[in-house]
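Novice:
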Amino acid sequence: MANHFVQVDDLAFGYGADRLFEGVSFSLSSGDRMALVAPNGAGKSTLLRLVSGEAGELAPDRGRVVRRKDATVGYYRQSHELDQALMTRGGRGDRVDVLDAFLSGFGELVQLRHRLDDARHALAGAADADAALARLAALEDAYHIAHGDDLERKIEILARKLGFSHDDLGRPVASLSGGERGRLLLGTVLAREPDLLLLDEPTNHLDIETIGWLEETLRGFPGGLVVVSHDRRFLDRVTNHTAELGSRSFRTYPVSYGRYVEQRAEDLERERAVVERQQAFVEKTEDFIRRNIAGQKTKQAQSRRKMLDRFETLEKLERPEDVWADAAKLRVRFPECPRSGDIVLECTGLGASRGGRRLFDGLDLLVRRGDRIGIVGPNGAGKTTLVKLLAGRGDPADEGTVRRGTNLAEGYFDQHLGALDPSRTAVEEIRSVRGDFNADVARQYLARFRITGDDALRVIGGFSGGERSRLALAKLLLEPRNLLFLDEPTNHLDIPACEILEQALARGYEGTLILVSHDRQFLETVTTRLVVIPGGRDGRAEVLPGGYREYAAMRERPADVDPTTDGGASREQTRSRSVKPAPPPPPPPPPPPPPGKAQGQAAHAARKAVSRDVERKKRRVDELEKKIAEAEAELATMRSALAAPPDGDWEGLARRAEQERVASRRLESMVEEWTSLSEQLAG
0 MANHFVQVDD
10 LAFGYGADRL
20 FEGVSFSLSS
30 GDRMALVAPN
40 GAGKSTLLRL
50 VSGEAGELAP
60 DRGRVVRRKD
70 ATVGYYRQSH
80 ELDQALMTRG
90 GRGDRVDVLD
100 AFLSGFGELV
110 QLRHRLDDAR
120 HALAGAADAD
130 AALARLAALE
140 DAYHIAHGDD
150 LERKIEILAR
160 KLGFSHDDLG
170 RPVASLSGGE
180 RGRLLLGTVL
190 AREPDLLLLD
200 EPTNHLDIET
210 IGWLEETLRG
220 FPGGLVVVSH
230 DRRFLDRVTN
240 HTAELGSRSF
250 RTYPVSYGRY
260 VEQRAEDLER
270 ERAVVERQQA
280 FVEKTEDFIR
290 RNIAGQKTKQ
300 AQSRRKMLDR
310 FETLEKLERP
320 EDVWADAAKL
330 RVRFPECPRS
340 GDIVLECTGL
350 GASRGGRRLF
360 DGLDLLVRRG
370 DRIGIVGPNG
380 AGKTTLVKLL
390 AGRGDPADEG
400 TVRRGTNLAE
410 GYFDQHLGAL
420 DPSRTAVEEI
430 RSVRGDFNAD
440 VARQYLARFR
450 ITGDDALRVI
460 GGFSGGERSR
470 LALAKLLLEP
480 RNLLFLDEPT
490 NHLDIPACEI
500 LEQALARGYE
510 GTLILVSHDR
520 QFLETVTTRL
530 VVIPGGRDGR
540 AEVLPGGYRE
550 YAAMRERPAD
560 VDPTTDGGAS
570 REQTRSRSVK
580 PAPPPPPPPP
590 PPPPPGKAQG
600 QAAHAARKAV
610 SRDVERKKRR
620 VDELEKKIAE
630 AEAELATMRS
640 ALAAPPDGDW
650 EGLARRAEQE
660 RVASRRLESM
670 VEEWTSLSEQ
680 LAG
């Protein structure tokens, strides 16, 4: 395994006849940061479980995962399941607090501290005081070298970065919400500083500032990393190569997510063209054989048959798998909504407290028709509280007034998906709003949101997070809404669904929008104004003109766009062309041939020229047949090499991928030439 922390060889997994993935091969070494991408339900979390060594009874159908014996693994689960050791102290059932859980991430240092405490207690009654003192001194030296005295400070810093206050450290773990448990689990995983880090949707419950901190932390991570995320900007900033998981393909690209999107589109287009040209080549050849096998061109037809037989001995090219094709079928279309009044919401003196803690106060906000307002702030600052207050769902103790405009048709998306009844089927949930839909119409409508077949008749309680989110969107869009409140709508969506919803809101929705989201790309595309809740003691919310891009620039974060450049000079250079001299006039035509014998000789010479040209084309066709067969074999070898684990040599992988592209284009050119010559000879 050389220096690889883990090597995965030809892994395949499925449930019965339902194949999730196969042919998965890769390795990870120090500095490798891989984005694992695929639609929801493709098996990303399953693959991470298999790689982690915490798969339990889960076992691959084929292949193996080999981890280096001394390599440590940190695994952040999307389900936020906390180890029982984090829930009880010492297995005795005593409830533990947040500080205990964070301490578990510093396991070796905590054990050293316990041994040091034991040595101090043993010193008083030691029979051999000198030996006890020597042991104590050695432990104290080891503890200081490991910076044990800074342990509490390290935990305070890590906890604060993840949104936990000093007071939160004393809270029982059992009292934490799902999002808080997720952040706690992430902290314990990062604290261990493992060799191999596996992160499954780590940004789901993080605020924008914490996501930025996590990005910087992971960019400096010295081990191997695999991350699953629907946050496109996060993937671009953290990873240095991308792996695409399909049911019958596993593609690796030595680039981050944004470049991967471009390269995979180019690869799919090129591979489809190769397959289509091969199919056209075979069809034209078979047609030539049918038309000429019993005629004057029998030998040519037999030659074509032999060539097709040689083709059949090679692996037939399959149409490339487009893993995102079905995911892109999600259709989010907002019904035409009634026109509201110009003033939608007029808010004065808004404020709220929860659990004795002041969240925000003194907010004045005027919302006009067509506004796209994003609400941002740290975890616990009161973003959801504010959006509920604006939507008329706040607490009776909340302060201020919200005057609603005229002719409003409102819709609310709850990040906890509480509007769904888990005891109903998807069809029943749709019909609870649209009683005029029969079961067939409801199923057709659900298919627009990728809820198809038997899934439409399943009980919602058994749905995944992504399925529930798409169903909640489907329910929201059943009726025209000219005022939408969306609280973290992208949390459980895959990347194509995020992009489709983003574009639908930006281009297809004519109403007014108030949005809570930690997805920076989503905020940047959709919003035109922001409400910023600072959190902490200063709870005065602020309304800022401009969208997320302007807000990020104001906070002096790195710009997310390339600097604009003045392209005028280059355009002028493009326009300026050197004037070329006119070509010389063509030579005069030769004089007409003399009549009689000379004319017959000319005709004979012309026939000989045509005959020579036919022979030349036949020789070229024969030559091409051999070269095409050789090129097919060479291409098959190259693709087998590309499917093999890159062993961390991502530059080599990029070089081999480019060689494969060149070989493909060369094959395409030869097939085109063969087809053209064959048609000329057949004519």
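According to numbering that gives the first Met the number 0, the residues represented by the sequence shown are 0 to 682, in order. Note that the Cβ used here is the ideal one computed from N, Cα and C, for glycine as well.
(1) Would you kindly report the start and end of the unbroken alpha helix (DSSP H) that includes Ile-499?
(2) Does the beta-carbon of Arg-152 have 16 or more other beta-carbons within 10 angstroms, so that it is buried, or is it exposed?
(3) Are at least three pairs of beta-carbons, each pair with one atom in the stretch 515-534 and one in the stretch 372-385, less than 8 Å apart?
(4) What is the rounded straight-line gap between the Cα of Val-461 and the Cα of Gly-186?
(5) Grouping DSSP H, G and I as helix and E and B as strand, with all else coil, what is Arg-332?
(6) Let me know the secondary structure DSSP gives Arg-218 once reduced to three states.
(7) So, under 8 Å CB-CB, Leu-676 and Arg-619 are touching, yes? Tell me the CB distance rounded to an integer number of Å.
(8) Does the stretch 70-78 come close enough to the stretch 279-286 to have 3 or more Cβ pairs within less than 8 Å?
(9) Where does Gln-6 fall in DSSP's three states?
(10) Excluding five sequence neighbours on each side, which residues of the same chain lie with their C-beta closer than 7 Å to the C-beta of Gly-15?
(11) As a quick exercise: from Leu-108, Glu-107, Leu-132, pick the residue whose alpha carbon is nearest that of Arg-119.
(12) Would you mind sorting Lys-607 into buried or exposed? The rule is 16 or more other CB atoms within 10 Å of its CB.
(13) Which class does Glu-261 belong to by DSSP, given the choice of helix, strand or coil?
(14) In the stretch 515-553, which residue ranges form an unbroken alpha helix (DSSP H) of at least 4 residues, counting only runs that do not cross its ends?
(15) Among the residues of its own chain, which have a CB less than 8 Å from the CB of Gly-369, if the five just before and after it don't count?
(16) When the Cβ atoms of the stretch 99-117 are set against those of the stretch 135-154, are three or more pairs found closer than 8 Å?
(17) Which residues in the same chain as Gln-520 place their Cβ atom closer than 6 Å to its Cβ, once the five residues preceding and following it in sequence are excluded?
(18) Mind pulling the beta strand (DSSP E) runs of 3 or more residues that sit fully within the stretch 390-473?
(19) Would you say the stretch 341-358 touches the stretch 387-401, given that touching needs at least three Cβ pairs under 8 Å?
(20) Please return the same chain residues whose Cβ sits closer than 8 Å to the Cβ of Asn-406, not counting the five positions on each side in sequence.
(21) By DSSP, does Asp-31 sit in helix, in strand, or in coil?
(22) Based on the DSSP secondary-structure assignment, which residues constitute the bridge partners of Thr-241?
(23) What does Glu-671 pair with, by DSSP beta-bridge criteria?
(24) For the putative contact between Gly-410 and Leu-472, defined by C-beta atoms under 8 Å, what is the C-beta separation to the nearest angstrom?
(25) When DSSP labels each residue in this structure, what does Ile-627 get in the three-state scheme?
(26) Going by the beta-carbon positions, is the gap between Pro-64 and Val-5 smaller than 8 Å?
(27) Would you list the one or two residues that DSSP bridges to Leu-358?
(28) Name the residue from Met-669, Gly-379, Ala-70, Glu-487 whose alpha carbon lies nearest to the alpha carbon of Arg-353.
(29) Since Ile-532 and Gly-381 are thought to touch, with beta carbons under 8 Å apart, how far apart are those beta carbons, to the nearest angstrom?
(30) Between which two residues does the alpha helix (DSSP H) harbouring Asp-117 extend?
(31) Could you tell me whether the stretch 416-427 touches the stretch 451-470, using the rule of 3 or more Cβ pairs below 8 Å?
(32) Verify whether the separation of the beta carbon atoms of Asp-206 and Gly-376 is less than 8 Å.
(33) Do Asp-117 and Arg-61 come within 8 Å of each other at the CB atom, strictly closer than that value?
(34) Check whether the stretch 213-224 touches the stretch 234-249, taking contact to mean three or more Cβ pairs, one atom from each stretch, closer than 8 Å.
(35) Leaving out five residues on either side along the sequence, give the residues of the same chain with a beta carbon under 8 Å from the beta carbon of Glu-208.
(36) Quick check: what's the CA-CA separation for Phe-697 versus Gly-452?
Specialist: Checking against the coordinates, here is how it stands:
(1) Segment 494-502, the alpha helix (DSSP H) holding Ile-499.
(2) exposed
(3) The stretch 515-534 vs the stretch 372-385: in contact.
(4) Checking the sequence, you will find Gly at residue 461 rather than Val. The alpha-carbon atoms of Gly-461 and Gly-186 are separated by roughly 29 Å.
(5) coil
(6) It is helical.
(7) Contact holds; Cβ gap of about 6 Å.
(8) no
(9) strand
(10) none
(11) Leu-132
(12) So Lys-607 ends up on the exposed side.
(13) DSSP, reduced to helix, strand and coil, places Glu-261 within a helical segment of the structure shown.
(14) 519-525, 547-553
(15) Glu-509, Gly-510, Thr-511
(16) yes
(17) Arg-231, Arg-232
(18) Positions of the beta strand (DSSP E) runs, each at least 3 residues long and wholly inside the stretch 390-473, are given as 398-403, 409-412 in order along the chain.
(19) Proximity of the stretch 341-358 to the stretch 387-401 meets the contact definition, three or more beta-carbon pairs being nearer than 8 Å.
(20) Same-chain partners within the cutoff: Pro-337, Arg-338, Ser-339, Gly-340, Asn-481.
(21) Looking at Asp-31 - three-state DSSP - the assignment turns out to be coil, as it is neither helix nor strand.
(22) Ala-34, Tyr-252
(23) Answer is none; Glu-671 lacks a bridge partner.
(24) Not quite, the Cβ-Cβ distance comes to about 10 Å (not below 8 Å), so this is no contact.
(25) helix
(26) According to the sequence displayed, residue 64 carries Val and not Pro. Closer than 8 Å, so yes.
(27) Partner(s): none; Leu-358 has no beta bridge.
(28) Gly-379
(29) 6 Å
(30) 106-122
(31) yes
(32) yes
(33) no
(34) yes
(35) Pro-377
(36) Only positions 0 to 682 of the chain appear in this structure, which leaves residue 697 out of reach.
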